[in-house]
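Only one structure is covered here, and it is reproduced in the block below.
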Amino acid sequence: MLISEAARKSHTTKKAIEYYVEQQLLDLQTQKNGYRQFTEKDIEKLKKISVLRRFGLSVQEIKHILDDPKQETIQRIIEKNKLEQKEKETKNALFEQLAKTQDWESAGSQLDILEKRKTIQEKLIDTFPGYYGKYIQLHFGKYLNEPILCEEQQEAFETIIAFLDQAEFKLSDDLRTVLDEMTSQFDEQFVNNTFETMNQIIQDPKQYMKDNKEMIEQYLQIKRSEPFKRSKASQLQQQLMQFNKESGYDTLFIPAMKILSPAYKAYYDQLEKANEIFLKTFQIEK
């Protein structure tokens, strides 16, 4: 069919279709007479493009969505939109505060924190896939509420950005499925609950391990079992550890986070101490 019929069937204007072709959202066949030929598949794609444009998505975002059979791009855009909405709400609150206090220096400092936090969180979403990326950005987002006060912290921020720009987190399809299943419930409430549990552990690790000894021993027994060692979950765990070791996550990202955020350093140091007690209590070799 020709463009006039394609426009009618897809409820799109000829001008819009010409634009989509120009932006390479459609790959059309051209007849010998020079007319472009539209197929039913092209019509379905046009309908999708029209819907996505009405959501306000850019051409580049639409292109990524159309080229993404797993629809991971949509999930990333959703999470980024949530960050965008939170940023707008926070900025509105800061603006109202500025109107009352006229404290321009404080407003500028708060905006710096907000913008740097959003930058890191967006890049975490881009680096780590699916629900896992959502969990990672929520986890670290809690420690990105402090101002950069010295050159060392600014360098740490730049190190984090450089790491996230070059890091490639890749998994096979089967392990990706396992990761999605394991992290599908990792929403903000889950992260908050995990945060509270970890705070309980690091405040008094000996007491926590005493109170939960039976549960921990059952968990360790499962992890030491042959069925678990052969499982996809075990393979996934090994892949995550390998990524952390080889990508610079352990040697670049985490040390930089500890410099950028004193709150994160305090949490990390307490977690390390709790882990030492855990290894000693349950006689686990490093």
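Residue numbering for the sequence shown follows the working numbering, beginning at 81 and increasing consecutively. For each residue, glycine too, the CB sits at the ideal point set by N, CA and C.
Our two residues, residue 154 and residue 205, have alpha carbons roughly 12 Å apart in a direct line. Per DSSP, the unbroken alpha helix (DSSP H) holding residue 186 starts and ends at 184-207.
Across the set 259, 171, 233 and 92, the C-alpha of 259 shows the shortest separation from the C-alpha of residue 312. Three or more Cβ pairs closer than 8 Å define a contact, and the region 245-253 falls short of that threshold against the region 300-312. Rounded to whole angstroms, the separation of the alpha carbons of residue 81 and residue 137 is 28 Å. DSSP places residue 219 inside the alpha helix (DSSP H), whose first and last residues are 210-221.
With a cutoff of 7 Å on beta-carbon distance, residue 167 and residue 198 are scored as near each other. Annotated as distal: residue 93 and residue 126, with beta-carbon spacing of 7 Å or more. Counting other Cβ atoms within 10 Å of its Cβ, residue 310 stays below 16 and is therefore classed as exposed. Rounded to the nearest whole angstrom, the C-alpha separation of residue 357 and residue 283 is 12 Å. Shown here, residue 239 sits in a helix according to DSSP, grouped into three states. Nearest in C-alpha terms to residue 196, of all of 363, 172, 169 and 238, is 238.
Where residue 181 is concerned, the enclosing alpha helix (DSSP H) starts and stops at 152-181. Residue 116 has 110 as its beta-bridge partners, per DSSP.
Classified as buried, residue 285 has 16 or more neighbouring CB atoms from the shown chains inside 10 Å of its CB.
By the criterion of at least three beta-carbon pairs nearer than 8 Å, the region 229-245 is not in contact with the region 314-323.
Assignment of residue 225 by DSSP, reduced to helix, strand and coil, places it in the coil class. Taking 4 residues as the shortest admissible run, the region 121-156 contains the following complete alpha helix (DSSP H) segments, listed from N- to C-terminal end: 139-146.
Going by beta carbons, residue 194 and residue 170 fall inside the 7 Å limit. For the options 117, 111, 104 and 102, the alpha carbon positioned closest to that of residue 84 is the one of 117. Per DSSP, the unbroken alpha helix (DSSP H) holding residue 345 starts and ends at 342-361. Pairing residue 353 with residue 344 gives a Cβ-Cβ distance that is not under 7 Å. Contact check for residue 159 against residue 214 passes: the beta carbons are separated by less than 7 Å.
Its chain contains 93, 94 and 97 as the residues whose beta carbon lies nearer than 7 Å to that of residue 87, once the 5 sequence neighbours on both sides are disregarded; these appear in chain order. If you draw a straight line from the Cα of residue 202 to the Cα of residue 175, it is about 23 Å long. Under the three-state reduction of DSSP output, residue 310 falls in the coil class, being neither helix nor strand. For the 7 Å CB-CB criterion, residue 145 and residue 100 do not form a contact. Listed in chain order, the non-local C-beta contacts of residue 123 below 7 Å within the same chain comprise 86, 89 and 90, local neighbours out to five positions each way being set aside. The alpha-carbon of residue 133 is positioned some 24 Å away from that of residue 209.
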